[in-house]
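Protein chains in written order, with this note's numbering: chain A, 7 to 326; chain B, 50 to 384; chain C, 7 to 579.
Quick reminder that beta carbons are idealized off the backbone N, C-alpha and C, glycines included.
Structure, as structure tokens:
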Amino acid sequence: MTDISTQVQPPVETPEKVRNQWWDVWEQFRSHKGAMAGLIFLIFITLFCMLGPVVWDVDPGKLDIRNKDVRPIYTAIWDGDAKTSWARPMGTDHLGRDIMSNIMQGGRISLAVGWTAMILAILIGTLVGVLSGYFRRLDWALMRFTDLVLSLPLLPLLLVMMLLFRDPLRAAFGPENGIFILIVFGIGITSWMQTARIVRGDVMALKEREFVLAARSIGTPPRRMITRHVLPNVLSPIMVSATLGLATAIITESALSFLGLGFPSDFPTWGKILFDSVDRMTAFPERVLWPGLAISLTVLAVNYIGDGLRDALDPRIRGL
Amino acid sequence: MLNYTIRRLVLSIPTLLFIALVIFLLLELAPGDPMGSMPLTIPDDVKQRMREALGLGEPWYTRFYLWLYQFFIVEPQYWIDGAFGTNFANDAQRIISFQSRSPVFDTIAERLPQTLWVVGMSYVVGVAIALPIGIISAYKQYSVFDQAGTFVSMIGFSVPPFFSGVLVIVIFSVQLGWLPSIYDTTHEVVDWQTFKYQLQQMIMPVMVLALQTTAQVSRYMRASMLDNLGQDYVRTARAKGMTESVVVMRHVLRNSMIPVVTVIALGIPSIFGGAIITEQVFKVNGLGQLLIIALQGNDIPMVMTITFLLAVLIVMMNLIADILYGVLDPRIRYD
Amino acid sequence: MKLKTALMGAVATVAVAQMAYADAHEGERGRDGEVKIIYWQAPSILNPFLSGGTKDVESASLIIEPLARYDPQGALIPWLVDEVPTVSNGGVSEDLMSITWKITEGIMWSDGTPFTSADVKFTYEYCTDPESGCAQVTKFEGVSSVDTPDDLTVVVTFDSPTPFPYGPFVGGESPIIQAAQFANCMGAKAPECTDENFGPIGTGPFVVTEFRTNDVIQLVANENYREAGKPAFASVTFKGGGDATAAGRAVMETGEFDYAWNLQLAPDVIASMQEGGLGSPVAGFGPLVERIMLNNTNPDQSLSAEERSVIRPHPFLSDPAVYNAMSLAIDRPLLVEVGYGQAGKVTCNWVPAPAAVNSDTFTCDVQDIAAANAMLDEAGYLDTDGDGVREANGAPMAILYQTSTNAVRQDFQALIKEWWSEIGIDAELRNIDASVFFGGDPGSPDTFQKFYADVEMYANTFNGTDPQSYLANGLCDKAPAPDTQWQGENISRFCSEEYDALHAQLTATADADERASIARQLNDLIVSEGGMIPLVHRGRLSAHANSLGGVDLNVWDSELWNAADWYRTGDNR
């Protein structure tokens, strides 16, 4: 029963080195190349979006119609006649807006929406899943509620939320923050169900495992049971849900903008830049390339970090 | 287990009725109007008369009751009549779409073939690719295969179909001219030639959709396999001298299936919900396109019927998943 | 690959072929095989009386036809009749109370039965049945009776003198349906007749063989069509769904389809598609105008629903200095270039077409930010706190600018917001899903009728060539208000006694020149007194394959009005 032994504080074998559990996790995490690469990229892209505008202070909404359709600077390498400019290293769009500052500004919003909506969905999903899997009395009601939310058509649901909450939120938090809260909340409360069902399935199986029975037989209260024994063992599906959830949230936001339920049109997001550029994909491939790469690499980075964390938090792997 | 199944089935009836009520109220509350897609040249008073002709003048509970009656009484009567040539229905009013003024179920039946061909096939293909990828990725963690699988599936998942779909059209239809960019729903497979054409027109939407399924299912499969490969029972099984294939395929796989079964079961209703964006990009005009057009046109009977059928599927699939948990792990009991 | 190269070659020779064999497209009915049409909005029903959607009206026009149509120049031409009745040829009575149509002899329904005046009368009865919810009932407004003295004569009588009697049975929205087929579909039974609504029997060039709602229609040539040797195509596949980009690509880049309807795409996108070399765009101009409506009432958020967008005036928008400055700050030629290209023209008018009613009072094709700023300074709107936004009576001139979700409209919003910011007016942008914006749900705050915003942008037009009912959209009593469930066509809540009186005069005038002159004055009034800021006169842009001949884009009637004359040019594919 290695599971139990890890919970009991192991006897300190090397007294000269203070072995902290989180330090172990970090050590293990650091040895995971993919996770480190992912973490570095994530820090980079976050800094790029957060601090980028300080260095590159071009207004993303500023139209400069004379300088529209400027190609990125590297186009000059193979096409000397292309319209390029050092002042617009990534080029401009069909209205002359600077693409680099749009990617930065769009990244702030996409990352914020992606993370917040994903965390919200994971929190609700895990909570519902664990409660429902662990406490049989709650199971029926919670799972039927999940069925209900799964059945609701997303579009009318969001329209109703818009109708009921947009103006109060706009009044309370201003137009931009109001719509942000609404979108994050909308995506969050409509994407937790899969996580909930998966966690519940795993918890139901775990609950019957010997180590849980053993822990219960020594009188561990449910709360401690869940945090110490159940949750650590359902971490990996949660990690996967989180990674997929981040990608879904970023893409769903762009689909919402497309349907007119998202941010106002002068608010760039990665998904929206990508969507708006699809029509001109052949003539200006860079306009789909940058936002597409940004989304994909962010999701990939989060995925590797998830893998690394999972390995690092698994005591069976850690320290081997 | 049988007891449990029967109890769940019986209890799902009030659940579904409640879901129907909530969906109906949601659609009632949602802003929008079936006349919204009419040209502005039609004056408002004419639109008001058209609304009344659609029955929108009645209060919501009357219309909800009418829908329930039509869905549970009239429509089954028509099916029986159709099957046995009887006349139970006696020309009662069926559920009629606001947009096309035709029976909703006829339209749904019309859309099923292409939905199953494209969305259903993509799901089968996606799961069929995902399971081996997930298993091998976990068994050979951090091998080249695992890294490549992770890379491709995550990129695939994070590229939205409105982009990947258009990209493959530009490459294979516009540049190379190999594949048709518009799906022909009237195409009938009768011989080898027509079958070949069917394959040609299916391949792009199927692959774009399958990529999404593959990414999801393979990630869960891999994660769950990894969890189980480190368990003590695996070591015990190996120590007992079982062959690797028996250990992995029989013991580990079976115990790793719970999250995968959940994901697959949740995915099946969404096959019938169609793939809204992909169908739009390739003009497949399946159930997804039907639903989105109905939503945009506020075609309440159509939206209500499709979403309710989906709700039935969701409830049933989750019931099947719950039963499968018990089969996969006999320690899980519901009684 | 080979197919594509061959096609390229074929395209290159098309231009020559068209000249050389100008008459080669005459011959047997059905000789040119199949023609494929794509509409990115899918038709849901083939009975235009039950759905007013353009997609439904136009697809049905392949099958059922009116007595007279508009041609691409907007002139009336006889279709199923010998001539267009007028006062001078005696077809319209002197007192303007009735119009007499003489049906051409020998016209057959596609089932082989003769087309008679009884069918015309039936169509009138079908649509005006109070329970049918007919979408085209305005076509029959003012009609007191339809009489049939004999099989080939139809007399339409009006209840008051009607200077423009060409509403009933004219144009794609008012086709004739067969009495024998629809006899059991009157009134409340109309929606139940699925077979009839999906497969009407008509006099047009094609007959429906299969109709799949919101997806595809298959048609074959009508064996009983009145003209020998037409239509040239034996069958039609009419596909619906997708988006405008894909439709354009299928015609101009992959050559899978022959005709794509209404490509609302940015001009550079169209141009790059055209480089595919398989098809060409065609544009035509009706009276469609993209405009910014100015709210003449106060949309202040703090007001209650009963007062909001009801109480006049707007805090500052009703001042001519403000709306003229806003208009002057807009660079219309640039808007046309960015948004519509060859399918757009600069306009300063609400009614830019037909040519006779297009006023030449205003010019607005030059942007002048400095003059606009001076205008506002002079009127006393100054930026007193130095934040870049002017103040009106102490409150900043911040406006909410809403429109429906659509790529071109969002580009316009961005551009106009920028220009207005240069004259010290701050605009908050909002875009709303078209089905909510244009849907008249009184429960939603976002409909264009409620106008809970300061300005909003959309396009509107009218059917046919007579603007009388369209101009009625500026009358005081047509303003939407809570007690009418926010129904009404006067979106800007424009209200002027002078305008109302002049419109009353229009309804009583018969002379065409006089009518046009009044229409121009009405247009000038509403534009100069702050009803709206017209932006772009929008055309209809469709595309056809280079191998499809006979296309003559018609914006006054159904685009497919002359599908009977279409033929395949050059060598067959």
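Since TRP115(C) and ILE207(C) are thought to touch, with beta carbons under 8 Å apart, how far apart are those beta carbons, to the nearest angstrom? TRP115(C) to ILE207(C), Cβ: 5 Å. Contact.
Which listed residue (ARG112(B), TYR188(B), VAL257(B) and ILE218(B)) has its alpha carbon closest to that of PRO209(B): VAL257(B)
First and last residue of the alpha helix (DSSP H) that includes PRO59(A)? 39 to 61
C-alpha distance - GLY148(C) paired with ASP101(C), whole-angstrom precision: For GLY148(C) and ASP101(C), the distance between alpha carbons rounds to 15 Å.
Between the Cα of SER450(C) and the Cα atoms of ASP432(C), LEU269(C), PRO488(C) and GLY430(C), which residue gives the shortest distance? For the residues ASP432(C), LEU269(C), PRO488(C) and GLY430(C), the minimum Cα distance to SER450(C) belongs to PRO488(C).
Any Cβ of chain B within less than 9 Å of the Cβ of TYR464(C)? yes
Here's the rule: buried if 16 or more other CB atoms are within 10 angstroms of the residue's CB, otherwise exposed. What is LEU566(C)? buried
For THR234(B), which option in ASN203(C), GLN187(C) and ARG218(C) has the closest C-alpha, if you only look at C-alpha atoms? ARG218(C)
So with CB distances below 8 Å, who are the chain B contacts of ARG222(A)? Those within 8 Å of ARG222(A) in chain B number zero; the least Cβ separation is about 14 Å.
Beta strand (DSSP E) runs contained entirely in the region 179 to 224 of chain C, provided each spans 3 or more residues: 212 to 218
Nearest to MET274(B) by alpha carbon, out of PRO162(B), GLY183(B) and SER213(B)? GLY183(B)
Tell me whether THR159(C) sits in a helix, a strand or coil according to DSSP, three-state version. strand
Which residue comes first and which comes last in the alpha helix (DSSP H) that contains GLN250(B)? 241 to 278
Does the distance from the C-beta atom of PHE321(B) to that of VAL123(B) stay below 9 Å? no
Among LYS74(A), ILE49(A) and LEU237(A), nearest to GLY139(A) - alpha-carbon criterion: Closest by alpha carbon: LEU237(A).
List the residues of chain B that GLY139(C) touches, going by C-beta distances under 9 Å, in chain order. VAL95, ARG98, MET99, ARG100, GLU101, ALA102 and LEU103
Can you tell which of SER222(B), ALA288(B) and SER267(B) has the C-alpha that lies nearest to the C-alpha of VAL201(B)? SER267(B)
Test: ASP153(A) CB closer than 9 Å to a CB of chain B: yes
Proximity to ALA93(A) [Cα-Cα], best of ARG77(A), ILE83(A), ASP87(A) and HIS100(A): ARG77(A)
Straight-line CA distance for ASN239(A) to TYR172(B)? 29 Å
Under the three-state DSSP convention, the category THR509(C) falls into: Looking at the sequence provided, one finds His at residue 509(C) rather than Thr. Reduced to three states, the DSSP call for HIS509(C) is helix.
Sequence-distant residues of its chain with Cβ nearer than 7 Å to ASN469(C) (five each side left out): GLY177 and GLU179
MET50(B): buried (16+ other C-beta within 10 angstroms of its C-beta) or exposed? exposed
Below 7 Å on C-beta distance, what does LEU421(C) contact in chain A? LEU69 and LEU101
Applying the 10 Å Cβ sphere with the 16-neighbour rule, what's the burial state of GLU259(C)? buried
Who are the near neighbours of GLY184(A) in its chain, counting only those whose CB is closer than 6 Å to its CB and skipping five residues on each side? LEU175 and ARG176
Bridge partners for ARG94(A) per DSSP, in chain order? Bridge partners of ARG94(A): none, in fact.
Could you pull out every residue in the same chain whose Cβ sits closer than 8 Å to the Cβ of ASN136(B), ignoring the five residues on either side in sequence? ASP130
Between the alpha carbons of SER271(A) and LEU101(A), how many angstroms are there, rounded? 13 Å
With 9 Å as the threshold, decide whether the Cβ of PRO181(A) is near any Cβ in chain C. Output row for PRO181(A): interface = yes.
Could you tell me which chain C residues have their CB closer than 7 Å to the CB of ASP82(B), listed as they occur along the chain? GLY445, GLY446 and ASP447
Any Cβ of chain C within less than 9 Å of the Cβ of MET256(B)? no
Of all the residues that make up the region 287 to 313 of chain A, which are near chain B by a beta-carbon distance shorter than 7 Å? MET287, THR288, VAL294, GLY298, ILE301, SER302, VAL305, LEU306 and ASN309
So GLU214(A) contacts chain B; which residues on that side make the cut at Cβ distance below 7 Å? ARG380 and ILE381
Check this for me: beta carbons of ALA420(C) and LEU406(C), under 9 Å apart or not? no
Cutoff 7 Å; reference THR369(C); Cβ partners in own chain excluding five residues on either side: CYS354
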